[in-house]
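Worksheet: the structure to be examined is printed underneath.
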Amino acid sequence: MTTWTRRRLLAQPRDAEIVVPKGLGGWFARRGFSRVHELGWWDHVDLRDARITFVPSQHWSQRGPLDRNESLWGGYVIEDGTHRVYHSGDTAYFEGFGDIGRRLGKLHAAMLPIGAYEPRWFMRPQHMNPEDAVQAFLDLRADTFVAMHWGTFRLTDEPVGEPPLFTRAEFRRHTLEAERLRIPAVGESVWLGR
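Under the numbering used here, the first residue of the sequence shown is numbered 5, with each subsequent residue one higher.
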């Protein structure tokens, strides 16, 4: 967690609702947060008019130098009775995308990573490439693909502008309608409502 992120979290009211993977609740509790919901895979919490379900991904967790895999990692499905959206978090391709689509129902949008994938021999276990991301989208059976996790800074070996080009090419290869793919510019907001 970056210093900036830590400062933003600690600036929140201590009675704010916090939803985190199992293993991270203690960090918030030790800092005085009183409404922390720690979820295991497939667990959910209902907050006001939304249900938040924590779902698996393929990655690993680490918050410090000596705590690898001491907390869960994953994504979230958020639904409000009208819309259901999925944010995958950081993930590689894995068979669980089909399970998420089957278990949680029709997804209106799936936010999936398309960058930080080269070299494949090293990055494949934790990051998808555009081909993997489009396959995940198909497995999820979502209406709209919203691309993320690319272009902010150079993390891996592929050129910064490559992921959107390859993702669009994969959409064409699978004969998917171009309007189902949203690739926001860095910093752009995207409205997911209908």
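C-beta: ideal position from N, C-alpha, C; glycine also.
Just so you know, the alpha carbons of R12 and R39 end up roughly 17 Å apart. Across the structure, Q130 and Y121 are spaced so that their CA atoms are roughly 9 Å apart. Looking at the DSSP output, G79 bridges to V59.
Taken in chain order, the complete alpha helix (DSSP H) segments of 4 or more residues contained in the region 32-59 number zero; there are none. Excluding its 5 nearest sequence neighbours in each direction, D53 has C-beta neighbours in its own chain below 6 Å: D84, listed in chain order. Taking the CA atoms as reference points, P188 sits about 10 Å from G155. Restricting attention to E174, D143, V150, the CA atom closest to the CA of V190 is found in V150. Taking the CA atoms as reference points, N133 sits about 18 Å from R184.
Between L111 and R55, the beta carbon gap of about 13 Å keeps them out of contact (Cβ cut-off 8 Å).
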